[in-house]
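**Student:** Under the UniProt record's numbering, the letters of the sequence shown match residues 1 to 394, in that order. Using N, Cα and C, we set each Cβ at its ideal position, and we do this for glycine too. Below you'll find the structure I mean.
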Amino acid sequence: MDGMTDKLNELTAAGVAVWLDDLSRVRLSSGGLDQLRREKHVAGVTTNPTIFAKALSDADEYNWQLHDLATRGVDVEEAVRMLTTYDVRWACDVMRPSYDGSEGVDGRVSIEVDPRSAHDADKTVAEAKALWWLVDRPNLYIKIPATEEGLSAITDTLAEGISVNVTLIFGLDRYSAVMEAFLAGLEQAKANGHDLSKIGSVASFFVSRVDSEVDKRLEKIGSEQAKALKGKAAVANAQLAYERYTEVFSSDRWKALAAAGAHPQRPLWASTSTKNPDYRDVIYVEELIAPGTVNTMPEAVIHAYADHGETRGDTITGAYDAARTVFADLESVGVDMDDVIATLEREGVEKFEASWQELLDGVRKSLEAAASGKGAPNKAAKGNAKGAEKAGGA
1 MDGMTDKLNE LTAAGVAVWL DDLSRVRLSS GGLDQLRREK HVAGVTTNPT
51 IFAKALSDAD EYNWQLHDLA TRGVDVEEAV RMLTTYDVRW ACDVMRPSYD
101 GSEGVDGRVS IEVDPRSAHD ADKTVAEAKA LWWLVDRPNL YIKIPATEEG
151 LSAITDTLAE GISVNVTLIF GLDRYSAVME AFLAGLEQAK ANGHDLSKIG
201 SVASFFVSRV DSEVDKRLEK IGSEQAKALK GKAAVANAQL AYERYTEVFS
251 SDRWKALAAA GAHPQRPLWA STSTKNPDYR DVIYVEELIA PGTVNTMPEA
301 VIHAYADHGE TRGDTITGAY DAARTVFADL ESVGVDMDDV IATLEREGVE
351 KFEASWQELL DGVRKSLEAA ASGKGAPNKA AKGNAKGAEK AGGA
């Protein structure tokens, strides 16, 4: 085993599950995802509308399926669902050894509900149920945004026995509400007769975007005291989130669910690539190491950590007081963290809605090209289809 792989192994041994924040049919058909699972300790996959919009913009790998969908005359929204669930189903099969080896904790692959439904709880639950049925793999996660309306959808989806990745969490109070929604969902699932050991969940706490927004405000304030706080808010925010996690998942309420076979809802650190080139490229991995966490990274960050990441043991649980000091200092220089969090949540939903629309527009054009004969299936893509037979058809 080479030294590069050892660094990721050390991270895994410290209690951090390494997940890949990316998916494409090229990655699947080439065997690249399976290679990351086998060689880089990648134990899960997350997707979002932005990732799919980028993947489908490389149409060659999807030509055969686009041709079939156009021939059937399906509408663009159904086509998007067929294309994305095909990839996610395939990825679930690739990650199945991790799922089986971890007794259902890892090996998960996430797919998001239509972000345009982020403020409609009933529609979110209905779509979660449809996606769960369509992908039909036990190691699937349905991603639901942590909007106020999303909280009841999280509970109701879990109550159906469906595993959930709660996404777009930025603030501590909303995170507490997400954990409450999780506990309520599992209690209802138990009452509904579901096996709690089969239900999984993570809470995706976004990291780098917090620094981007706070740093912009600190730069505008302009004082030396303000500038000295740049690059500190995101890690402090996540560290205090972990403190809340340890409190909730040591409670008597949780212990009763655990006794019934439930797995805890792990904190997942998302948005972990640094947006500021002045910051260390693996800062949001190194500074957020603690047992029972997930860090989902773009492939570049995985390779960066494999090359020069430093696993210094638990870098969270001893840092709570320092994190609170950061928050106090931010308030003293005039940064309104409540407004920061509200802004990030609003922009997060808007960005995913824009990516979803980009995805719809791209697929619409591809379907039109396929229907006119300009997007005929190529041989390589047909070969990829045969290689993915166990992932299901179009």
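Residue 210 and residue 344: beta carbons closer than 8 Å?
**Tutor:** For the purposes of this step, residue 210 is taken as residue 210 along the sequence shown, with counting starting at 1. For the purposes of this step, residue 344 is taken as residue 344 along the sequence shown, with counting starting at 1. Against a cut-off of 8 Å, the Cβ pair of residue 344 and residue 210 comes out as a contact.
**Student:** To the nearest angstrom, how far is the alpha carbon of residue 391 from that of residue 137?
**Tutor:** On the sequence shown, residue 391 is found 391 positions in, with the first residue counted as 1. On the sequence shown, residue 137 is found 137 positions in, with the first residue counted as 1. Interpretation of residue 391 is limited by its pLDDT of 42, a score under 50 that renders its predicted location unreliable; the figure taken from the coordinates is listed afterwards. Straight-line measurement puts the Cα of residue 137 at about 10 Å from the Cα of residue 391.
**Student:** Which residues in the same chain as residue 22 place their Cβ atom closer than 7 Å to its Cβ, once the five residues preceding and following it in sequence are excluded?
**Tutor:** Translated into positions along the sequence shown, residue 22 becomes position 22. Closer than 7 Å at Cβ, skipping near neighbours: 51, 298, 299.
**Student:** In angstroms, rounded to a whole number, what distance separates the CA positions of residue 311 and residue 290?
**Tutor:** To locate residue 311, count along the sequence shown from 1; it is residue 311. To locate residue 290, count along the sequence shown from 1; it is residue 290. C-alpha separation (whole angstroms): 10 Å.
**Student:** Using DSSP with H/G/I as helix, E/B as strand and the rest coil, what is residue 165?
**Tutor:** Position 165 of the sequence shown holds residue 165. Annotated three-state conformation of residue 165 is strand, per DSSP.
**Student:** Where residue 394 and residue 68 are concerned, what is the direct C-alpha to C-alpha distance, given to the nearest angstrom?
**Tutor:** In the sequence shown, residue 394 corresponds to position 394, counting from 1. In the sequence shown, residue 68 corresponds to position 68, counting from 1. Residue placement at residue 394 is flagged as unreliable, the pLDDT there being 35, under the threshold of 50; the coordinate-derived value follows with that caveat. Rounded to the nearest angstrom, the gap between the Cα atoms of residue 394 and residue 68 is 7 Å.
**Student:** Would you mind listing the alpha helix (DSSP H) stretches within the region 115–181 that are 4+ residues and don't spill past its ends, in chain order?
**Tutor:** Those alpha helix (DSSP H) runs which fall completely within the region 115–181 and span 4+ residues are 121–135, 148–159.
**Student:** Quick one: what's got a C-beta closer than 6 Å to residue 257's C-beta in the same chain, skipping five residues either side?
**Tutor:** As a first step, residue 257 is located in the sequence shown; it is residue number 257 there, counting from the start. Closer than 6 Å at the Cβ level, and outside the excluded window around residue 257, lie 186.
**Student:** CB-CB under 8 Å to residue 302, same chain, minus the five flanking residues each way: which ones, in chain order?
**Tutor:** Taking the sequence shown and counting its residues from 1, one reaches residue 302 at position 302. Answer for residue 302: 8, 18, 20, 36, 40, 42, listed in chain order.
**Student:** Buried or exposed: where does residue 46 fall if 16 or more other Cβ atoms within 10 Å of its Cβ makes it buried?
**Tutor:** Locating residue 46 in the sequence shown gives position 46, counting from the first residue. Buried, by the Cβ-count rule.
**Student:** Looking only at its chain, what residues have a beta carbon closer than 6 Å to the beta carbon of residue 294, apart from the 5 residues adjacent to it on each side?
**Tutor:** Looking up residue 294 in the sequence shown gives position 294. Within the same chain, residue 294 has close Cβ partners 17, 19, 202, 266, 268.
**Student:** Taking DSSP as the reference, what is the three-state secondary structure of residue 249?
**Tutor:** The residue given as residue 249 occupies position 249 in the sequence shown. Residue 249 falls in the coil class under three-state DSSP.
**Student:** Is it buried or exposed for residue 276, if we count other Cβ within 10 angstroms and need 16 for buried?
**Tutor:** Taking the sequence shown and counting its residues from 1, one reaches residue 276 at position 276. Exposed: under 16 other Cβ atoms inside 10 Å.
**Student:** From the DSSP output, in three-state form, read off residue 296 for me.
**Tutor:** For the purposes of this step, residue 296 is identified with residue 296 of the sequence shown, where counting begins at 1. Strand.
**Student:** Where residue 190 and residue 262 are concerned, what is the direct C-alpha to C-alpha distance, given to the nearest angstrom?
**Tutor:** For the purposes of this step, residue 190 is identified with residue 190 of the sequence shown, where counting begins at 1. For the purposes of this step, residue 262 is identified with residue 262 of the sequence shown, where counting begins at 1. Their backbone Cα atoms lie some 10 Å apart in a straight line.
**Student:** Name the residue from 28, 197, 367 whose alpha carbon lies nearest to the alpha carbon of residue 93.
**Tutor:** For the purposes of this step, residue 93 is taken as residue 93 along the sequence shown, with counting starting at 1. Cα-wise, what sits closest to residue 93 is 28.
**Student:** If you run the structure through DSSP and keep just helix, strand and coil, what is residue 372?
**Tutor:** As a position in the sequence shown, residue 372 is number 372, starting the count at 1. Coil, per DSSP.
**Student:** Taking the beta strand (DSSP E) that residue 20 falls in, what are its first and last residues?
**Tutor:** In the sequence shown, counting from the first residue as 1, residue 20 sits at position 20. For residue 20, the enclosing beta strand (DSSP E) stretches over residues 16–20.
**Student:** Under three-state DSSP, which class holds residue 39?
**Tutor:** Within the sequence shown, numbered from 1, the residue matching residue 39 stands at position 39. Helix, per DSSP.
**Student:** In chain order, what residues of the same chain lie with their CB nearer than 6 Å to the CB of residue 215, ignoring the 5 residues before and after it?
**Tutor:** In the sequence shown, residue 215 corresponds to position 215, counting from 1. Around residue 215: 230.
**Student:** Are there 16 or more other CB atoms within 10 angstroms of the CB of residue 174, so buried, or fewer, so exposed?
**Tutor:** What you label residue 174 is simply residue 174 of the sequence shown in a count that begins at 1. Residue 174 comes out buried.
**Student:** Have a look at the DSSP bridge pairing and note the partners of residue 204.
**Tutor:** To locate residue 204, count along the sequence shown from 1; it is residue 204. Residue pairing by DSSP puts residue 204 in a beta bridge opposite 268.
**Student:** Can we say the region 153–166 touches the region 352–368, given the rule of at least three CB pairs closer than 8 Å?
**Tutor:** Verdict: no, contact absent.
**Student:** My output table needs one value for residue 57: the three-state DSSP class, helix, strand or coil.
**Tutor:** On the sequence shown, position 57 is the one that residue 57 refers to. In this structure, residue 57 counts as coil in the three-state DSSP scheme.
**Student:** Does residue 109 come out as helix, strand or coil in the three-state DSSP assignment?
**Tutor:** One-based indexing of the sequence shown puts residue 109 at position 109. The answer is strand: DSSP assigns residue 109 an E or B state.
**Student:** In chain order, what residues of the same chain lie with their CB nearer than 6 Å to the CB of residue 85, ignoring the 5 residues before and after it?
**Tutor:** The count along the sequence shown starts at 1 and reaches residue 85 at position 85. Excluding sequence neighbours, residue 85 sits near 134, 135.
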